[in-house]
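**Student:** Residue numbering for the sequence shown follows our numbering, starting at 40 and increasing by one per position.
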Amino acid sequence: MSKKPKNIETIAIHGSLNHSSGSRSVVPPIEVSTNFEHSEAGHQDGDYLYTRHSNPNRLQLEKVLADLEGGEVCAAFSSGMAAIGSVFQAMVEGSHIIVPEDVYHGTRKTLNTFGKRWNLEFTFTDMRDLEQVQNNIRPNTKLIYAETPSNPLMHITDLEKVCALAKTINAKVCVDNTWPSPLNLNPIEFGADLVMHSTTKYLAGHSDILGGAIISAKQDEMFDRIRTI
Numbered sequence: 040m041s042k043k044p045k046n047i048e049t050i051a052i053h054g055s056l057n058h059s060s061g062s063r064s065v066v067p068p069i070e071v072s073t074n075f076e077h078s079e080a081g082h083q084d085g086d087y088l089y090t091r092h093s094n095p096n097r098l099q100l101e102k103v104l105a106d107l108e109g110g111e112v113c114a115a116f117s118s119g120m121a122a123i124g125s126v127f128q129a130m131v132e133g134s135h136i137i138v139p140e141d142v143y144h145g146t147r148k149t150l151n152t153f154g155k156r157w158n159l160e161f162t163f164t165d166m167r168d169l170e171q172v173q174n175n176i177r178p179n180t181k182l183i184y185a186e187t188p189s190n191p192l193m194h195i196t197d198l199e200k201v202c203a204l205a206k207t208i209n210a211k212v213c214v215d216n217t218w219p220s221p222l223n224l225n226p227i228e229f230g231a232d233l234v235m236h237s238t239t240k241y242l243a244g245h246s247d248i249l250g251g252a253i254i255s256a257k258q259d260e261m262f263d264r265i266r267t268i
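1) Taking buried to mean at least 16 other C-beta atoms within 10 Å of its own C-beta, is V172 buried or exposed?
2) Quick check on F229: does DSSP put it in helix, strand or coil?
3) Since L182 is in the beta strand (DSSP E), which residue starts that stretch and which ends it?
4) Cutting at 6 Å between CB atoms, please list the residues of its own chain near N96, excluding the five before and the five after it.
5) Go ahead and label G250 buried or exposed: buried means 16 or more other beta carbons lie within 10 angstroms of its beta carbon, across all protein chains shown.
6) Alpha carbons only, please: which of A185, E76, I52 is nearest the one belonging to V65?
7) Please report the distance separating the alpha-carbon of D215 from that of S118.
8) Candidates F75, D232, H236, T164: which alpha carbon is nearest A121's?
9) By the DSSP assignment, the alpha helix (DSSP H) with E112 in it spans what residues?
10) Return the chain-ordered list of same chain residues with a C-beta closer than 6 Å to the C-beta of T162, the five sequence neighbours on each side being excluded.
11) State the beta-bridge partners of H135 as determined by DSSP.
12) For the region 178-191 against the region 121-135, do three or more pairs of beta-carbon atoms, one drawn from each stretch, fall closer than 8 Å, so that the two count as touching?
13) For M40, which residues of its own chain have a beta-carbon under 6 Å away from its beta-carbon, when the five flanking residues on both sides are left out?
14) Note down the Cα distance separating G124 from E79, rounded to an integer number of angstroms.
15) Would you call the CB atoms of N225 and G109 closer than 8 Å?
16) How long is the line joining the alpha carbons of T49 and V103, rounded to whole angstroms?
17) Taking 8 Å as the CB-CB limit, is L98 close to chain B?
18) Return the first residue and the last residue of the alpha helix (DSSP H) that A121 is part of.
19) Assign G145 to one of three DSSP states: helix, strand, or coil.
20) Considering only C-alpha positions, which residue in the set F127, E186, E111 is nearest to E160?
So, in structure tokens, the structure goes:
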């Protein structure tokens, strides 16, 4: 008998408790240690080693965000821009990226400032026009980056068609889902490979937390590079 899918409220409130560190605490404890002791058998895959790599609190957050977006894995960052930057830095050198003409100013500034240094090519495109997106594809196009609605003009991208197009050229699709939030949109359901969040905004909700996240539909080489960054 299959389990009934959890409601989004249930995931948001109780999701991390399914991934506790073994204490079965009703409220997950705050882990302040920067280092973790190895077992007598030595370090094993999945063991905590150093807080910059992972710690129980970060893992709890990542599991909840992955569940909210319907992804397999998540990497949490210190800010939304750190999350965005990790995607671009994880691209293979010489890759071409299609980016919305109307896009968050921080994303545009990052590409204009560092894109050439990272040996990346990028084309700003009206994502509402699928023909224009298709015409801007190059042999080295490896990523289509999208926002829907876009920031600030609220342009709507047909994610399903863009994702289908990306698959024909074996390119990844990354969607900034900060504005709609998982409550209104789950890009992975439309075929997106990666979902980006500035958790500072709606996911935190009170303008008192700075953070970012990348959720991946599956754990693959691209995500492993993002996690390493």
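Glycine included, every Cβ here is placed at the ideal spot set by N, Cα and C.
**Tutor:** On the basis of the supplied data:
1) With a 10 Å radius around the Cβ and a threshold of 16 neighbouring Cβ atoms, V172 comes out buried.
2) DSSP places F229 in helix when its eight states are reduced to three.
3) Taken as a continuous stretch (DSSP letters only), the beta strand (DSSP E) holding L182 covers 180-186.
4) Cβ within range, chain order: E70.
5) Result: buried.
6) When only C-alpha atoms are compared, the closest one is I52.
7) Cα to Cα, the separation comes out at about 13 Å.
8) Considering only alpha carbons, the answer is H236.
9) Note that residue 112 corresponds to Val in the displayed sequence, not to Glu. Per DSSP, V112 belongs to no alpha helix (DSSP H); it is in the beta strand (DSSP E), 112-116.
10) Within the same chain, T162 has close Cβ partners I137, N175.
11) Answer is E160, T180.
12) By the Cβ test, the region 178-191 is in contact with the region 121-135, since at least three Cβ pairs between them sit closer than 8 Å.
13) The pLDDT assigned to M40 is 46, lower than 50, so where the model puts this residue is not dependable; a value taken from the coordinates is nonetheless given after this. Close CB contacts of M40 within its chain, under the 6 Å cut and outside five residues either way in sequence, are absent.
14) When rounded, the distance between both Cα atoms is 38 Å.
15) Contact flag set, yes.
16) Spanning the alpha carbons of T49 and V103 requires a straight line of approximately 10 Å.
17) As a matter of chain content, chain B is missing from the structure shown, which is built from one protein chain.
18) Residues 119-128.
19) The three-state reading of DSSP puts G145 in helix, counting H, G and I together.
20) Nearest to E160 by C-alpha distance, out of F127, E186, E111, is F127.
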